[in-house]
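Numbering (our numbering), first residue to last: 5 to 222.
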């Protein structure tokens, strides 16, 4: 399915019935990373898997910014007249969810942030250096996005009013302190560290978090 929002076309997949649940993927991916998870969540929710701009089958643009990506999702919610919306965001998707929740206190019922970061300096040094080398080789604007953005003031997290679950991998690309600080700053947020997993192995093409997500969203 497709919809025109914010002067671009967003491609998405809609399944199930119940309260709306958005699934937002990470950098360089598409909506299909959530297929196994969505297949189970659709029993209780109307699931919207969305391709971000410059990803999947959504519009390709010259605008690579989290602010624009967040505005796309805000417009998507309004365009489809969705209410009582929850969101699961992975990596870039978690950044988008954070930015939206900071600016729009009534937008989300609940949110689950998988592998979020607030600044490029949240990358472990080895990971940041690797990304820098890859960008020098490829000049990929998606890599540049991660090296330069986001720039979220931790104090802004205190504005978030919806319940939040923060999840990180034991061997994540971001420092553990990033996840603990986010969870400790968002009022009432919970934290889960997935043992023996890296940044994406517990979510990309996996339904292993289904019980955690279902339990939190109830």
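No residue lacks a Cβ here, since even glycine has one placed at the ideal position from N, Cα and C.
- For the set 188, 135, 9 and 22, the Cα lying nearest the Cα of residue 31 is the one of 135.
- Bounds of the beta strand (DSSP E) holding residue 24 are 23-28.
- Counting only the Cα atoms, residue 60 lies some 23 Å from residue 86.
- It is roughly 13 Å from the alpha-carbon of residue 52 to the alpha-carbon of residue 88.
- Unbroken beta strand (DSSP E) stretches of 3 residues or longer found wholly inside the stretch 67-112: 89-94, given in chain order.
- Using a 10 angstroms sphere on the CB of residue 115, the tally of other CB atoms reaches 16 or more, which defines it as buried.
- Residue 14 counts as buried, since no fewer than 16 other beta carbons sit within 10 angstroms of its beta carbon.
- With a cutoff of 8 Å on beta-carbon distance, residue 220 and residue 169 are scored as near each other.
- By the criterion of at least three beta-carbon pairs nearer than 8 Å, the stretch 104-114 is not in contact with the stretch 125-139.
- Taking every protein chain shown into account, the CB of residue 110 has fewer than 16 other CB atoms within 10 angstroms, so this residue is exposed.
- Following the DSSP letters along the chain, one finds residue 219 inside the alpha helix (DSSP H) bounded by residues 214-221.
- Here residue 115 carries a strand assignment [DSSP, helix/strand/coil].
- For residue 148, the enclosing alpha helix (DSSP H) starts and ends at 145-152.
- Ranked by how close their Cα comes to the Cα of residue 202, the residues 119, 11, 42 and 159 have 119 in first place.
- Its Cα nearest to that of residue 55, the residue 28 stands out among 28, 74 and 70.
- Under DSSP, residue 171 takes part in a beta bridge, and its partners are 118 and 196.
- With a 10 Å radius around the Cβ and a threshold of 16 neighbouring Cβ atoms, residue 75 comes out buried.
- A contact between stretches requires three or more CB pairs, one per stretch, nearer than 8 Å, and the stretch 211-218 meets this requirement with the stretch 35-54.
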